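The numbering used here puts the sequence shown at residues 376 to 688. Every residue, glycine too, gets a C-beta built ideally from N, C-alpha and C. Quick caveat: nothing in here was measured; it's all calculated off a predicted structure.
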Amino acid sequence: MCAAGVDRNRIRLLLEVSRMYWEEGADQAEVARRTGYSRSTVSRLLAQARRTGVVTVQVSHPIERLTEIEDRLVSAYGLRAVRVTEQAGDQLGAQAAQLLLEHCRPTSVIAVSNGREVGSVVRSLPQRSWPRSLVVQMLGLVGQSSGLEDGPDICRDMAMRLGGSHQALPVPLVFDTVQAADAMRREEQVVITLELAARSDVALTGVGAVDKGAVSPILRRWMTPELVEQCARAGAVAHICGHHIDARGVHVRTPVCRRTVCLEPDRLREVPLVIGVAHGWHKVEAIRAVLRGGYLSGLVTDEATAAAVLGDR
376 MCAAGVDRNR
386 IRLLLEVSRM
396 YWEEGADQAE
406 VARRTGYSRS
416 TVSRLLAQAR
426 RTGVVTVQVS
436 HPIERLTEIE
446 DRLVSAYGLR
456 AVRVTEQAGD
466 QLGAQAAQLL
476 LEHCRPTSVI
486 AVSNGREVGS
496 VVRSLPQRSW
506 PRSLVVQMLG
516 LVGQSSGLED
526 GPDICRDMAM
536 RLGGSHQALP
546 VPLVFDTVQA
556 ADAMRREEQV
566 VITLELAARS
576 DVALTGVGAV
586 DKGAVSPILR
596 RWMTPELVEQ
606 CARAGAVAHI
616 CGHHIDARGV
626 HVRTPVCRRT
636 VCLEPDRLRE
646 VPLVIGVAHG
656 WHKVEAIRAV
666 LRGGYLSGLV
676 TDEATAAAVL
686 GDR
């Protein structure tokens, strides 16, 4: 006798009818015809196969694992929306684009920052006909020498995808003096653009990591060795919208802050949904920092990064 009191011949029979039914897709009438048993006997054999463990049923999908991670991130950081992908790359941009559209209407105002991750989202957007939509740039331009996708291009390209209009901020991100930056902030176009960004329905941004002694490409033009050292001493681990954030999520005030023209990080909290798109081991601490600070209410990342942010790896 075998396990559960079923002899070997019976197990062979259970395996035979089970494979016909579950693996080959034959219905009970076909199994009955092929084995010579009645349909009622086949039905009893299939039930016995389930009961004795010859056949087990597993209901699963890879997305279930990802949605569980998403739920944990929502719970841990009080987020409004999360998307976790199996891999980084194009999947991130596609999921972020889908999330963005889920929370937009044809009349939405959308604020955007700069960088490759944000650019990948724009390229993943399907074409829409939303002539009353508005895309707004929420920080000054970095310049072509940075090698990054800059705000004006992203702003224009998203507006073209949505079939709407855009409001650019064609001024440098950082000025040489506080006086010059203050004067620019008083310019009508800058005031209007940044206020539109603060009142947007959805904002889309990347998350920058601050490695010890290293400078982000976004700020490389303006960060002197002294400022880099000052940020390191202050514990800066991230930057968002051109400003540094420490591990607790607190804005690190440096002399360059007063020379920066952008939507202030604290004002991001006024936007109903701020979607951050970021991934990679080197950004785990930065993502945690901006989440702790409440600068993001939405996150799109890959599974490995999400697990690390949650402390699973």
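Local conformation of residue i per DSSP, three classes
i           : result
residue 564 : helix
residue 512 : strand
residue 636 : coil
residue 435 : coil
residue 472 : helix
residue 376 : Interpretation of residue 376 is limited by its pLDDT of 44, a score under 50 that renders its predicted location unreliable; no figure is taken from the coordinates.
residue 681 : helix
residue 462 : coil
residue 581 : strand
Spatial distance of residue i from residue j (CA atoms)
i           : j           : result
residue 534 : residue 515 : 18 Å
residue 405 : residue 414 : 9 Å
residue 376 : residue 383 : Because residue 376 sits at a pLDDT of 44, beneath the cut-off of 50, its placement in the model cannot be relied upon, and the following sentence gives the value as read from the coordinates. Taking the straight line joining both Cα atoms gives about 7 Å.
residue 418 : residue 408 : 13 Å
residue 681 : residue 537 : 30 Å
residue 429 : residue 659 : 45 Å
residue 647 : residue 473 : 17 Å
residue 668 : residue 452 : 10 Å
residue 604 : residue 631 : 13 Å
residue 437 : residue 459 : 11 Å
residue 412 : residue 397 : 17 Å
residue 525 : residue 490 : 6 Å
residue 638 : residue 527 : 15 Å
residue 569 : residue 563 : 10 Å
Other residues of its chain near residue i: CB distance less than 6 Å, five sequence neighbours each side excluded
i           : result
residue 651 : 580, 582, 671 and 674
residue 645 : 573
residue 530 : 487, 510, 512, 541 and 543
residue 688 : The predicted position of residue 688 is uncertain, since its pLDDT is 46 and thus under 50; a value taken from the coordinates is nonetheless stated next. Closer than 6 Å at the Cβ level, and outside the excluded window around residue 688, lie 682.
residue 661 : 582, 584, 612 and 613
residue 504 : 538
Close-in-space but distant-in-sequence residues of the same chain around residue i (CB under 7 Å, 5 per side omitted)
i           : result
residue 565 : 544, 546, 559 and 636
residue 482 : 507 and 508
residue 393 : 421, 424, 429 and 430
Proximal residues to residue i (C-beta, below 8 Å), its chain only, five neighbours per side dropped
i           : result
residue 634 : 549, 550, 551, 552, 553, 555, 556 and 597
residue 657 : 584 and 586
residue 665 : 582, 613, 615, 620, 624, 651 and 671
residue 454 : 448, 666, 671, 672, 673 and 674
residue 461 : 437, 441, 677 and 678
Distance CB(residue i)-CB(residue j) smaller than 9 Å
i           : j           : result
residue 439 : residue 410 : no
residue 466 : residue 677 : yes
residue 575 : residue 496 : no
residue 640 : residue 618 : yes
residue 468 : residue 492 : yes
residue 685 : residue 448 : yes
residue 561 : residue 622 : no
residue 457 : residue 443 : no
residue 654 : residue 577 : no
residue 602 : residue 484 : no
residue 499 : residue 463 : no
Exercise for the section: Taking 8 Å as the threshold, find out whether the segment 600 to 611 comes into contact with the segment 619 to 627 through three or more Cβ pairs. Expected result: They touch, by the three-pair rule.
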